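> Residues in the sequence shown are numbered consecutively from 1, following full-length UniProt numbering.
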Amino acid sequence: MTTINAANAGTYAFDDQFKVNRLGYGVMQLTGPGTWGPYADPENGVKVIKKALEYGVNFFDTADSYGPWYADRYLAAGLKDAANRDKIFISDKVGQTRQGPNVWTPHGEPHYLRQQVEVSMMTLGLDHEDLVFLHRIDSHFSIAEQVGELKKMQDEGKIKHIGLSQVTVEQIKEAQKVAKIDAIENLYNVSDHRDDDVVDYAASQNMAFLPWFPLATGELAQPGSALSTMAQKYQVSPAQIALAWLLKRSDNILPIPGTSSIEHLQDNVAAANVELSTADFNGLSQLSNK
Numbered sequence: 001m002t003t004i005n006a007a008n009a010g011t012y013a014f015d016d017q018f019k020v021n022r023l024g025y026g027v028m029q030l031t032g033p034g035t036w037g038p039y040a041d042p043e044n045g046v047k048v049i050k051k052a053l054e055y056g057v058n059f060f061d062t063a064d065s066y067g068p069w070y071a072d073r074y075l076a077a078g079l080k081d082a083a084n085r086d087k088i089f090i091s092d093k094v095g096q097t098r099q100g101p102n103v104w105t106p107h108g109e110p111h112y113l114r115q116q117v118e119v120s121m122m123t124l125g126l127d128h129e130d131l132v133f134l135h136r137i138d139s140h141f142s143i144a145e146q147v148g149e150l151k152k153m154q155d156e157g158k159i160k161h162i163g164l165s166q167v168t169v170e171q172i173k174e175a176q177k178v179a180k181i182d183a184i185e186n187l188y189n190v191s192d193h194r195d196d197d198v199v200d201y202a203a204s205q206n207m208a209f210l211p212w213f214p215l216a217t218g219e220l221a222q223p224g225s226a227l228s229t230m231a232q233k234y235q236v237s238p239a240q241i242a243l244a245w246l247l248k249r250s251d252n253i254l255p256i257p258g259t260s261s262i263e264h265l266q267d268n269v270a271a272a273n274v275e276l277s278t279a280d281f282n283g284l285s286q287l288s289n290k
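#1: Between G26 and I181, is the Cβ-Cβ spacing less than 8 Å?
#2: Does DSSP put L187 in a helix, in a strand, or in coil?
#3: If you follow the beta strand (DSSP E) that K19 is in, where does it begin and where does it stop?
#4: Starting from E43, trace the beta strand (DSSP E) both ways and give me its first and last residue.
#5: With a 10 Å radius around its C-beta and 16 neighbouring C-beta atoms as the bar for buried, classify A239 as buried or exposed.
#6: Would you kindly work out how many angstroms separate the C-alpha atoms of D192 and S288, rounded to a whole number?
#7: Thinking just about the alpha-carbon of each residue, which of F209, K177, N84 is nearest to the one in K248?
#8: When DSSP labels each residue in this structure, what does Q96 get in the three-state scheme?
#9: Taking the beta strand (DSSP E) that Y12 belongs to, which residues open and close that run?
#10: Can you give the Cα-Cα distance for P101 and L284, rounded to whole angstroms?
#11: Does the stretch 91-98 come close enough to the stretch 57-74 that 3 or more CB-CB pairs lie under 8 Å?
#12: Considering just the uninterrupted stretch of the alpha helix (DSSP H) at I159, what are its terminal residues?
#13: Check Y74 in the structure and name its three-state DSSP category.
Right, dumping it as structure tokens:
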């Protein structure tokens, strides 16, 4: 029986110190409805994170706005006694305010961004952030102002790597005038790869690409659908096919599927063992709503 381990997906090197397994875990689902308030079963949330570690996950994605901060608390608790804690990489995001369930309001005022990084470090129990994304570009402030504040914190040793979320190639290029950008996190999955140009540009610039909503398979996963049929062919779940497609799409892609279920976590990590043929990969690529 093939071992279930995120390492089977291959690795990605952020720098000489951090080489992570490409299949990570996003903590967004460890919150209340509408990504608001506490998760209904905090103990289970911590258990899921610990189980992810057992499955070889060493790359976790979070954001101050998940809860806000509730997901960070569960993540901190789950990683607290982890072996090789210094080998676990956390990507964080700042720049979104929350006023209630499903309400997300970008706020990129530099002092606010600094505050959020500082509070996140306290919440997560860190003396620095491995990777911080500007969660959304706020049109009220220039990219230079927003990314520039993160660059100042990088120069102070509080941030190792800087990323951008939900951006265009043009916006990435603008940010690169201010700081070295090491990662991009955009909406991207087998049924929606309108940001193919962003994935390719990120790869050309040696940037990691984190696809959020990586399992938005929608109608493609329904019985009789192309994805479902492909899953039957490989004798795996539709989710595993969707993740396998992402892993094959480009070596810089780091999927971060989230779940509050250990069973689903196991299923997701098992996607690291699925190797799509080139023909099947190309066939699935034609299903996008791009």
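Cβ atoms here follow ideal geometry from the backbone N, Cα and C, with glycine treated the same way. Everything numeric in this text was worked out from a predicted model, so none of it was measured.
In brief:
#1: At least 8 Å separates the beta-carbon of G26 from that of I181.
#2: L187: strand per DSSP, three-state reduction.
#3: Secondary structure note for K19: its beta strand (DSSP E) is the uninterrupted segment 19-21.
#4: Premise fails: E43 lies in the alpha helix (DSSP H), 42-54, not in any beta strand (DSSP E).
#5: Answer is buried; the Cβ neighbour count reaches 16.
#6: The straight-line gap from Cα to Cα measures roughly 5 Å.
#7: Nearest in C-alpha terms to K248, of all of F209, K177, N84, is F209.
#8: Q96 falls in the strand class under three-state DSSP.
#9: Start and end: 11-13.
#10: C-alpha separation (whole angstroms): 34 Å.
#11: The stretch 57-74 makes contact with the stretch 91-98: 3 or more CB pairs, one atom from each, lie closer than 8 Å.
#12: For I159, there is no enclosing alpha helix (DSSP H); the residue is found in the beta strand (DSSP E) stretching over 159-165.
#13: Helix at Y74.
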